[in-house]
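So for the sequence shown, full-length UniProt numbering puts the first residue at 1; every next one is plus one.
Ideal placement from N, C-alpha and C gives every residue a C-beta, glycine not left out.
Just so you know, these numbers come straight off a predicted model, no measurement behind them.
This report refers to the structure that appears directly beneath it.
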Amino acid sequence: MVKILVVDDELPILKSLSFALKQDYQVYTAQTGAEALRFLEGEHISLVLLDLRLGKENGITLMRSMLQINPNAAIIIMTAYSSIESSIEAIRAGAFYFVTKPIQINQLMLLLEKAASQLSLQETILGLKDVIRNSLVGISPQMQAIYHLIDRVKDTKASVLITGESGTGKELIANKLHFSSNRKEKPFIAVNCAALPESLLESELFGYKKGAFTGAVKDEPGIISKANGGTLFLDEISEMEPRLQSKLLRFLQEGEVRQIGGDNLRVNVRVICATNRDLDQEIESRRFRSDLYYRINVINIAVPPLRERKEDLSELVPFFIRKYAAAYGKQVFGIRPEAMALLNRYHFPGNVRECENIVQRAVLLCSETEIGPEALNLKYQYPATELGQEDYIRIYPCKTMKEIERQVLAFYLKTNKNSRRETARALEISERALQYKIKEYGL
1 MVKILVVDDE
11 LPILKSLSFA
21 LKQDYQVYTA
31 QTGAEALRFL
41 EGEHISLVLL
51 DLRLGKENGI
61 TLMRSMLQIN
71 PNAAIIIMTA
81 YSSIESSIEA
91 IRAGAFYFVT
101 KPIQINQLML
111 LLEKAASQLS
121 LQETILGLKD
131 VIRNSLVGIS
141 PQMQAIYHLI
151 DRVKDTKASV
161 LITGESGTGK
171 ELIANKLHFS
181 SNRKEKPFIA
191 VNCAALPESL
201 LESELFGYKK
211 GAFTGAVKDE
221 PGIISKANGG
231 TLFLDEISEM
241 EPRLQSKLLR
251 FLQEGEVRQI
261 GGDNLRVNVR
271 VICATNRDLD
281 QEIESRRFRS
291 DLYYRINVIN
301 IAVPPLRERK
311 EDLSELVPFF
321 IRKYAAAYGK
331 QVFGIRPEAM
341 ALLNRYHFPG
351 NVRECENIVQ
361 RAVLLCSETE
371 IGPEALNLKY
381 QYPATELGQE
391 DYIRIYPCKT
401 MKEIERQVLA
411 FYLKTNKNSR
421 RETARALEIS
431 ERALQYKIKE
441 YGL
């Protein structure tokens, strides 16, 4: 619950405001400036209702002291002595808004909701900036080239396609592009195209008008409209159905969103897409539109797998150790050389995501101040459904890649008791792609 501090020297006003606000906020009250400052120093309070004339104290002077303690606080000045001069002075000094007594509770609630919403957005932006600053790690020439490219294109509206294997950090790069750009104060919205069926993905992206279909009981803006002014990140774009690809292409060409059952809406959105598939091959197989490919691939950022940039382990591993030692309250400060040597020899089929998982578990299991080889437990890092020697020999003599793919697919289905969800997870593909392969090979 959001915390709010109400500061007024009149006790009846404190009590009435506290009663009105307590259902929606955690309310603190103070009758003096000193008491108010103690609350701000001891509690994480971001909303303040402050009386302009607090006995002999000057409310604006007190507000400046409050902002020194919490520069991000939204302070609303209350006064019975309304004047243009005092309101301008308060806002210039950093007030979020200015209200006069007697206070209209309904208007105050709307104002507080607006202030809380703005604070939430600021905290989200600051939090994501921190995540981006600390999570996109890499000293290799490949990663340095990516950072340089991001810096060159960040403030353009050019569409970006991020390619790379699963687990390489494609969404982190999309985040960095957005929060390094001149759109950073606007929304960044990520959508996984493989996570939703076509009809639901369409309504989520483009929105709909009331009555457009059964269950559409009100107008609903789509994600594209919600991202107006900001960035839309479409992950696993290769899994989007052809009909929806056509609608997305029209939006990219015209800059207008057509709601289901509604009108066209002009929006200003930068589109970043990502895929772990070879889109040239998808185009050749007629599963992806070539014209859409050219639209989304103005700038291409190819993220290399971790096995091709092992020098990045020297930054990734210490970063993950610090992250999870802090999260779990463990006194783990580093990794022994022999354990680091094991990681350097490891192939990392799951890339950075797998590296993080290995270090996370090692921090949990570690009973010393440094991670040793036994905590890494790398011999168990391969998928449980990996092919055994007998299956490998049986597959090897196949004449074509399609025959090999069919037998591998059949093996994984059998191993996972025909569970398509588990099979797709083991193969690191979407359920939709798995369904297509099952149909293609008649399994």
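Would you mind working out which of the options sits nearest residue i, comparing C-alpha positions?
i      : options                           : result
Glu80  : Tyr346, Asp8, Ala74 and Ala115    : Just to set this straight, residue 80 is Ala in the shown sequence, not Glu. The residue with the shortest Cα to Cα distance from Ala80 is Asp8.
Ser86  : Leu110, Ala115 and Arg53          : Arg53
Glu282 : Lys184, Ile335 and Ala433         : Ala433
Glu241 : Asn264, Leu201 and Ile321         : Leu201
Arg287 : Ser203, Leu244 and Thr415         : Leu244
Leu443 : Glu403, Glu428 and Lys15          : Glu403
Lys184 : Ala362, Val269 and Ala90          : Val269
Glu43  : Ser16, Met66 and Asn58            : Met66
Ala90  : Asn58, Pro71, Asn72 and Ile103    : Asn58
Ile103 : Pro12, Glu239, Ser166 and Gly33   : Pro12
Arg361 : Ile88, Gln23, Glu198 and Lys323   : Lys323
Glu239 : Gln23, Glu198 and Gly207          : Glu198
His347 : Leu364, Leu378, Ala327 and Gly329 : Leu378
Grab me the residues of residue i's own chain with a C-beta within less than 8 Å of its C-beta, minus the 5 sequence neighbours each way, in chain order.
i      : result
Gln331 : Ala325 and Thr369
Ile189 : Ile223, Lys226, Ala227, Gly230, Thr231, Leu232 and Phe233
Gly388 : Residue confidence for Gly388 is low, a pLDDT of 44 falling below 50, so the modelled location carries little weight; the figure read from the coordinates is stated next. If we look at Gly388 and ignore the five residues flanking it on each side, it has no Cβ neighbours.
Tyr328 : Val363 and Leu364
Tell me which residue opens and which closes the alpha helix (DSSP H) that residue i is part of.
i      : result
Asn351 : Asn351 to Leu365
Ala344 : The question names Ala, yet the displayed sequence has Asn at residue 344. Residues Pro337 to Arg345.
Lys247 : Pro242 to Glu254
Ala145 : Pro141 to Val153
Gln281 : Leu279 to Glu284
Ala433 : Glu431 to Tyr441
Lys223 : Looking at the sequence itself, residue 223 is Ile, so the reference to Lys does not match. Counting along the chain, the alpha helix (DSSP H) containing Ile223 begins and ends at Ile223 to Lys226.
Thr423 : Arg420 to Leu427
Lys417 : Premise fails: Lys417 is in no alpha helix (DSSP H) and is neither H nor E.
Arg64  : Gly59 to Ile69
Leu316 : Leu313 to Tyr328
Arg38  : Gly33 to Gly42
Arg295 : Ser290 to Ile296
Asn175 : Lys170 to Phe179
Leu14  : Leu11 to Leu21
Answer yes or no: does any C-beta atom of chain D fall closer than 7 Å to that of residue i?
i      : result
Pro337 : As a matter of chain content, chain D is missing from the structure shown, which is built from one protein chain.
Does the beta-carbon distance from residue i to residue j come in below 7 Å?
i           : j      : result
Asn351      : Leu279 : no
Phe96       : Ala116 : no
Val48       : Leu5   : yes
Cys355      : Leu316 : yes
Arg289      : Leu252 : no
Arg309      : Ser140 : yes
Leu172      : Leu136 : yes
Lys154      : Leu177 : yes
Val2        : Tyr25  : yes
Tyr412      : Ala426 : yes
Thr168      : Val257 : no
Ile77       : Leu50  : yes
residue 464 : Ile335 : No answer is possible for residue 464: it lies beyond the span of the chain, which begins at 1 and ends at 443.
Leu342      : Pro373 : yes
Leu249      : Leu196 : no
Suppose the cutoff is 6 Å on Cβ atoms and the five residues either side in sequence are ignored; what does the same chain contact list for residue i look like?
i      : result
Lys209 : Asp219, Gln259, Gly261 and Gly262
Leu161 : Cys273, Ile296, Asn297 and Asn300
Ile119 : Reading the sequence as shown, one finds Leu at residue 119 and not Ile. If we look at Leu119 and ignore the five residues flanking it on each side, its Cβ neighbours are Ser46 and Ala74.
Ile429 : none
Asn264 : Glu256 and Arg258
Ser166 : Asn276 and Glu428
Phe333 : Thr369
Phe319 : Val137
The beta strand (DSSP E) that contains residue i, what's its start and end?
i      : result
Tyr28  : Gln26 to Ala30
Arg237 : In the sequence on display, residue 237 carries Ile and not Arg. Run containing Ile237: none; DSSP gives neither H nor E here.
Met78  : Ala74 to Thr79
Phe98  : Tyr97 to Thr100
Asn264 : Asn264 to Arg266
Phe188 : Phe188 to Asn192
Lys3   : Lys3 to Val7
Compute the beta-carbon to beta-carbon distance between residue i and residue j, rounded to the nearest angstrom, for a pair I have assumed lies under 8 Å.
i           : j      : result
Leu108      : Val99  : 7 Å
residue 448 : Ile69  : Nothing about residue 448 can be reported from this structure: the residues present for the chain run from 1 to 443 only.
Ile60       : Ala93  : 5 Å
Arg420      : Glu431 : 6 Å
Asp312      : Met63  : Not really, about 47 Å apart at Cβ, beyond 8 Å.
Ser159      : Val271 : 5 Å
Cys193      : Asp235 : 7 Å
Phe206      : Lys247 : 7 Å
Please return the same chain residues whose Cβ sits closer than 7 Å to the Cβ of residue i, not counting the five positions on each side in sequence.
i      : result
Lys437 : Leu409
Ala20  : Ile105
Ser16  : none
Glu338 : Pro373
Thr423 : Tyr412, Leu413, Asn416 and Leu434
Tyr382 : Residue placement at Tyr382 is flagged as unreliable, the pLDDT there being 42, under the threshold of 50; a coordinate-derived value is accordingly withheld.
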